[in-house]
Amino acid sequence: MGKAKSKLPPLVDKDLKTVLSSNLREEHLLKLLGLFKEVDVDYSGAWSVAELFKVSLEARISVRAPIIEALFFMGDSRSEGSWSFSDFLVTLTSFCALSREEVLQLLFIIMDGHRNGSVRREELMEFFAYVPVGSKKPVFPVNNSNALEKFRQGKWTSLEFDGLAQLCEHFPYIPYPAYHTQELFRTVILGKAFWEGFDKDRRAILNRKVKRVAVPGTRGAEKVDVKLPVRCTMQELLEFSRRKTAVNNGKRVEAQITGKIASKLTKERDLEIQRCPILSLIRNPRCMYHVPHEEMHKLVTQNSDRPEFEIPSMTGARTDLEATTPGGVVARQKDEPDQQLLESFGADDSDEEQDWDEESEEEDSDEFSD
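In my numbering, the protein residues as written are 58 to 427.
1. Do LEU146 and PRO334 have their C-beta atoms closer together than 8 Å?
2. With a cut-off of 8 Å on the beta carbons, I'd call LYS284 and SER78 a contact; round off their distance for me.
3. DSSP puts TRP140 in a beta bridge; with which residues?
4. So, helix, strand or coil for GLU400, using DSSP?
5. What is the DSSP secondary structure of ASN341, counted as helix, strand or coil?
6. I'd like the span of the beta strand (DSSP E) that includes GLU311, first residue to last.
7. Ordered along the chain, which non-local residues of its own chain (more than five positions away) have a Cβ less than 8 Å from that of MET182?
8. Going by the DSSP bridge assignment, what does LYS268 pair with across the sheet?
9. Quick one, which of LYS64, SER337, LYS268, LYS71 has its alpha-carbon nearest GLN163's?
10. Taking 8 Å as the cut-off, decide whether the C-beta atoms of VAL160 and GLN239 are in contact.
11. Which residues mark the beginning and the end of the beta strand (DSSP E) in which ASN305 is found?
12. If you follow the alpha helix (DSSP H) that HIS347 is in, where does it begin and where does it stop?
13. For ASP219, count neighbouring Cβ atoms within 10 angstroms of its own Cβ and tell me buried if that reaches 16, exposed if not.
14. Put SER156 into one of helix, strand or coil per three-state DSSP.
15. Could you tell me whether the Cβ atoms of LEU224 and PHE208 are closer together than 8 Å?
16. Decide if the stretch 184-204 is in contact with the stretch 117-137; the criterion is three or more beta carbon pairs, one per stretch, under 8 Å apart.
17. Considering only residues of the same chain and omitting the five flanking positions on each side of LYS268, which have a CB-CB separation below 6 Å?
18. Just mark TRP104 as buried or exposed, buried being the case when its beta carbon has 16 or more other beta carbons within 10 Å.
19. Run through DSSP, which three-state label would SER113 get?
20. How many whole angstroms separate the CB atoms of VAL348 and LYS301, which I take to be in contact at a CB cut-off of 8 Å?
21. CA-CA distance, ALA180 and ASP169?
22. Count the other CB atoms, across all protein chains shown, that sit within 10 Å of the CB of LYS308; report buried if there are 16 or more and exposed otherwise.
23. Output yes or no for whether 8 Å exceeds the beta carbon distance between ILE167 and ALA107.
24. Just reading off the alpha helix (DSSP H) that GLY91 is part of, what are its end residues?
25. Rounded to a whole number of angstroms, what is the C-alpha to C-alpha distance between VAL76 and LYS212?
26. Keeping to the same chain, check which residues put their C-beta closer than 7 Å to that of ASP144; ignore five residues upstream and five downstream.
27. Which same chain residues end up closer than 6 Å to ARG259 when comparing Cβ atoms and leaving out the 5 residues on each side of it in sequence?
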């Protein structure tokens, strides 16, 4: 079959299905490619964290700065301090696709940098003490720290997700930066109306069936099955990560025992959990909630000598990606990993013990009320 032409860079199978499951189509991808190139003023083919702040129209001294920096760290699939087009596309569309409860789950993950399953008071204090680059003062008001003393009369040392949700319910200004950051990016990435429509589709039970959509760049000649992402509880995300991953040299890698004991029901649920937007946006193996995907380093292609800006065929043969980056673009070499970001968001060079293997068959939690 002849190769179809497209202006889009090549995307791996998983990344393409992720954005298609969020209701994006070829015209949306081309629009976002234009935005990526417009902000990439030095034509390096990659974004730095400064360019992410630029597109968000946020200053690095705002209360949203630590959320934006954490988002950039999580989306950096190569841990090089830069974003390829694939990183930009998948991370920001997945972030915009989050429900309100999932935004709160992401906030919990940012605070629980070492994936302990709970957030200690000291970790919350450290988060509220964030000082941006070029400043000497914390961006968060003292009210945030005072709230920790008022909550449960100060008689607590750590909070699991439900506890953090209660804290945020009592003191709404604590989760406000995370929610507002999503609003900013929803405005920039395709507009609020698009994402409100996606929210409506995702809430509808009848829309959980498989949809067959055209592969971008094929003019409808090739199609692929996609489903809207499901919702998962924080406990499911935590246990899924524990069963599927281990730490090697400070990076999350696939656990050796993955899939050997899991029941059929667990495997089916695992496939759904793997598609949830939070795990899709966490692409950096140095983030302790990262779950590797076996297709992350494979391009879906018909021929290995295809032009760089030609969309790969979804039904073609797969080749290992060796010299090319996941997004098909070259990362700027001048960017080195930001050590402060690595330390702040869970990168740890020490190995941890192998996590236990257990089944997770919990039902989806009710949607977090708007």
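Built from N, CA and C at the ideal position, the CB exists for glycine as well.
According to the structure shown:
1. no
2. 6 Å
3. TRP104
4. Because GLU400 sits at a pLDDT of 49, beneath the cut-off of 50, its placement in the model cannot be relied upon, and the point is left open.
5. coil
6. 308-311
7. SER202, LEU205
8. VAL283
9. First, the amino acid is wrong: residue 163 is Leu here, not Gln. Considering only alpha carbons, the answer is SER337.
10. yes
11. 302-305
12. First-last for HIS347: undefined, no H or E at that position.
13. exposed
14. coil
15. yes
16. yes
17. VAL283
18. buried
19. helix
20. 5 Å
21. Per the sequence presented here, residue 180 reads as Glu, with Ala not at that position. Their Cα atoms are separated by approximately 7 Å.
22. buried
23. no
24. 83-96
25. 44 Å
26. GLY132, ASP133, SER134, ARG340, GLY384
27. LEU285
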